[in-house]
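Position 86, counted from 1, in the sequence shown is what my numbering calls 89; the numbers after and before it change by one each time, with no gaps.
We put the CB at the ideal spot given by N, CA and C, even for glycine.
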Amino acid sequence: MCPAAYSCALHSRLGGNVAELRRANPAAYTNACALRLSRGFNYGGYAIPKGTIIPGTNIYRAKGADGLPYILRVNDVIHFVRHNWGAADKVLKPSEHPQLSGIQGLIVIEVNGWSDASGHVALWNGSVTGDGSDYQNPRSHAFDSPAVSPKHILYWELK
4 MCPAAYSCAL HSRLGGNVAE LRRANPAAYT NACALRLSRG FNYGGYAIPK GTIIPGTNIY
64 RAKGADGLPY ILRVNDVIHF VRHNWGAADK VLKPSEHPQL SGIQGLIVIE VNGWSDASGH
124 VALWNGSVTG DGSDYQNPRS HAFDSPAVSP KHILYWELK
C-alpha cells in the first residue's frame, strides 16, 4: 500500500514494460514495494534472473527499460527469497515486532484485508524501514480499519 505518487514515480523511473503496465492499468499497479526491492537486488549485485527461477512456481516479473526483470508482487518476493536464502530467520507475531529492534535485514509483513496487496516488503535497518513505512507495527494507521490486520512478520538477516 505504497503511496500512489511514489509508486507512479518508481514505475516511470524503471520504464519499459514496468511503466507500460502501470499506464495501462493504474489500479492494478498502485504498490511498488516489490519493485523497489527488486531494484535493490538488481543493482546491489543480486540480480533477479530471467526465465524460470523455481520450477513449477511462476514469479510475476516485468522488464524495465534497463532490460532487467523486476518482481511485481510481495508473494513472489517471498518465493524468490525463500528459494535463494531459505526459510525466514524469524517469523514473528505482530505483537513481537519489538524483536526487530537493533537487527538489520529484509522484512515482509503479510497482511489480511488489503484489497490490492498481500503484504509489504522493505529493508530494515534496526529501527526503521528503508521506505519509511511502519507496517511492522500493529498500531500502524494502515490497520485502522477492523477489516485489515497484520498476520505475521518474516525476517531475513542480511549477511
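Check the Cβ-Cβ distances between residue i and every residue of chain C, and say whether any is below 9 Å.
i: R76; result: The chain labelled as chain C is not found in the depicted structure, where only one protein chain is given.
Give the DSSP bridge partners of residue i, in chain order.
i: N115; result: S152
i: E1; result: The chain is shown only over 4 to 162; residue 1 falls outside these bounds and no answer can be derived.
i: A65; result: Y73
i: T132; result: W127
i: I57; result: T60
Let's see if you can read the secondary structure: which residues bound the beta strand (DSSP E) around residue i?
i: G122; result: G122 to W127
i: L95; result: K93 to L95
Going by DSSP, what residue range makes up the alpha helix (DSSP H) through residue i?
i: A22; result: G19 to A27
i: N45; result: C36 to Y46
Pick out whichever of the options has its Cα sitting closest to the Cα of residue i.
i: H155; options: I51, F83 and A91; result: A91
i: D119; options: R142, V151 and G108; result: V151
i: Y32; options: Y46, S15 and G48; result: S15
i: A37; options: G47, H144 and H123; result: H123
i: L24; options: G47, P58 and L75; result: L75
i: I57; options: S41, R85 and A30; result: R85
Pull up the CB-CB distance for residue i and residue j, whole angstroms please, since I reckon it's below 8 Å.
i: Y158; j: K53; result: Not a contact, Cβ separation roughly 28 Å.
i: L17; j: A50; result: About 14 Å separates the two Cβ atoms, so there is no contact after all.
i: F171; j: I62; result: It is not possible to answer for residue 171, since the shown part of the chain is limited to 4 through 162.
i: I112; j: Q139; result: 6 Å
i: H100; j: P141; result: 7 Å
i: L103; j: W88; result: In fact, because the Cβ distance is near 17 Å, the residues do not count as touching under 8 Å.
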